[in-house]
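Undergrad: In this text, residue positions in the sequence shown follow our numbering: the first is 746, and each later residue adds one. Using N, Cα and C, we set each Cβ at its ideal position, and we do this for glycine too. Because the structure is a prediction, the values reported are computed rather than measured. The following block contains the structure, expressed as structure tokens.
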Amino acid sequence: MGLPVLIYGKSGSGKSRSLKFFDEKEIVLLNTERKELPFRKRFVKTGATDDINKIIATINKNPEKVFVIDDAGYIMTHLFMSQHRNKKGNASFEMYDDIADAMYGLVKRIKTEVTAPDKIVYIIFHEDTDDFGVSRLRTIGKQLDRKVCLEGMVTICIRCMSENGNHFFRTVTDGSDITKTPEDMFPEPEIENNLKVVDDTIRDFYGWEKYESKEEEQE
Numbered sequence: 746m747g748l749p750v751l752i753y754g755k756s757g758s759g760k761s762r763s764l765k766f767f768d769e770k771e772i773v774l775l776n777t778e779r780k781e782l783p784f785r786k787r788f789v790k791t792g793a794t795d796d797i798n799k800i801i802a803t804i805n806k807n808p809e810k811v812f813v814i815d816d817a818g819y820i821m822t823h824l825f826m827s828q829h830r831n832k833k834g835n836a837s838f839e840m841y842d843d844i845a846d847a848m849y850g851l852v853k854r855i856k857t858e859v860t861a862p863d864k865i866v867y868i869i870f871h872e873d874t875d876d877f878g879v880s881r882l883r884t885i886g887k888q889l890d891r892k893v894c895l896e897g898m899v900t901i902c903i904r905c906m907s908e909n910g911n912h913f914f915r916t917v918t919d920g921s922d923i924t925k926t927p928e929d930m931f932p933e934p935e936i937e938n939n940l941k942v943v944d945d946t947i948r949d950f951y952g953w954e955k956y957e958s959k960e961e962e963q964e
């Protein structure tokens, strides 16, 4: 089974920026909103889709071990914007059910249908603050939050943060968010904004092989 990892944070907190440390051939980027990356590097394999069936198929047919869905929240947004004007009464509730089904299905299918156990899929979300002041994934509709709880479906949920112009990742919660990682996986509660370091750390923790570029292999 594949490993889904949630990465969430406010706009401008460095979520997409954290990708720049990967080798150009190391990852497959699935860009749901077709937006430009905030750095010069471009990845060899980049797709533009919000279709979950295509996402799962892409993960299974490509040999790479790292996949990034940026930003998965727009899968929900696109579903909502394509349907909401035509939905009235009970049909509007069904629309939110469809959105909840889609996001639940995305995480579930990564865990059950992705055949290679060491393929990691980073699912990037924007964050929102709930009625209790807790920062969590930004979703559409209460159905997903009440019935599914996406962070409850994964082992690793990392928050992207920014302070005084410096970006960093939080690996454990301070009680104000949904951040969580396995005990002893990361050395500090706050680490650099570098998804490559996160990926290497996860692979070390589980005993999986890490990616090495051609330059590294020749050294």
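I believe D863 touches K810 by the beta-carbon criterion, under 8 Å. Please report the beta-carbon distance rounded to the nearest angstrom.
TA: The residue you call residue 863 lines up with position 118 of the sequence shown. The residue you call residue 810 lines up with position 65 of the sequence shown. Sure, about 6 Å apart at Cβ, within 8 Å.
Undergrad: Based on the DSSP secondary-structure assignment, which residues constitute the bridge partners of C894?
TA: Here residue 894 refers to the residue found at position 149 when the sequence shown is read from its first residue. None; C894 has no bridge partner.
Undergrad: Can you check which of these residues, G747, D846 and K765, is closest to N805 by C-alpha distance?
TA: On the sequence shown, residue 805 is found 60 positions in, with the first residue counted as 1. Out of G747, D846 and K765, G747 has the C-alpha closest to the C-alpha of N805.
Undergrad: Compare the C-alpha of I820 against each of F877, V750, S761 and A793 and name the closest.
TA: Walking along the sequence shown from the start, residue 820 turns up at place 75. Selected option, being the one with the closest Cα: A793.
Undergrad: How many whole angstroms separate the CB atoms of F914 and M930, which I take to be in contact at a CB cut-off of 8 Å?
TA: On the sequence shown, position 169 is the one that residue 914 refers to. On the sequence shown, position 185 is the one that residue 930 refers to. That belief does not hold up - the Cβ atoms of F914 and M930 are roughly 12 Å apart, past 8 Å.
Undergrad: Going by DSSP in three states, M906 sits in which element: helix, strand or coil?
TA: Numbered from 1 along the sequence shown, position 161 holds the residue referred to as residue 906. M906 falls in the strand class under three-state DSSP.
Undergrad: Do you know how far the Cα of K955 is from the Cα of A861?
TA: Residue numbering aside, residue 861 sits at position 116 when the sequence shown is read from its first letter. Residue numbering aside, residue 955 sits at position 210 when the sequence shown is read from its first letter. So the alpha carbons of these two residues sit roughly 14 Å apart.
Undergrad: If I'm right that L751 touches F870 with Cβ under 8 Å, what's the distance once you round it to whole angstroms?
TA: Here residue 751 is taken as the residue at index 6 of the sequence shown, counted from 1. Here residue 870 is taken as the residue at index 125 of the sequence shown, counted from 1. At roughly 7 Å, the Cβ-Cβ gap stays under 8 Å, so L751 and F870 are in contact.
Undergrad: Tell me whether N776 is buried or exposed, calling it buried when 16 or more other Cβ atoms sit within 10 Å of its Cβ.
TA: Residue 776 sits at position 31 when you count from the first residue of the sequence shown. Buried, because 16 or more other Cβ atoms sit within 10 Å of the Cβ of N776.
Undergrad: So E797 is in the alpha helix (DSSP H); what residue range does that whole segment cover?
TA: Walking along the sequence shown from the start, residue 797 turns up at place 52. Checking the sequence, you will find Ile at residue 797 rather than Glu. Run containing I797: I797 to K806, per the alpha helix (DSSP H) assignment.
Undergrad: Tell me the rounded alpha-carbon separation between K786 and S758.
TA: Taking the first residue of the sequence shown as position 1, residue 786 is located at position 41. Taking the first residue of the sequence shown as position 1, residue 758 is located at position 13. Roughly 19 Å between the two C-alpha positions.
Undergrad: Cutting at 8 Å between CB atoms, please list the residues of its own chain near I903, excluding the five before and the five after it.
TA: Translated into the one-based positions of the sequence shown, residue 903 becomes position 158. Cβ neighbours of I903 beyond the five flanking positions: V750, L751, I752, Y753, F914, R915, T916, T924, T926 and V943.
Undergrad: Can you find the residues in the same chain that come closer than 6 Å, C-beta to C-beta, to F812, ignoring five residues on each side of it along the sequence?
TA: Reading the sequence shown from its first residue, position 67 is the one you call residue 812. The answer, listed in chain order, is V773, I804 and V866.
Undergrad: Here's the rule I'm using: 16 or more other beta-carbon atoms within 10 Å means buried, otherwise exposed. How should E872 be labelled?
TA: As a position in the sequence shown, residue 872 is number 127, starting the count at 1. The residue is buried, with at least 16 neighbouring Cβ atoms inside 10 Å.
Undergrad: To the nearest angstrom, report how far apart Q963 and E771 are at their CA atoms.
TA: As a first step, residue 963 must be located in the sequence shown, where it is residue number 218. As a first step, residue 771 must be located in the sequence shown, where it is residue number 26. Summary for Q963: the model assigns pLDDT 48, below 50, so the residue's position carries little reliability; its value from the coordinates is reported in the next sentence. One C-alpha to the other measures close to 17 Å.
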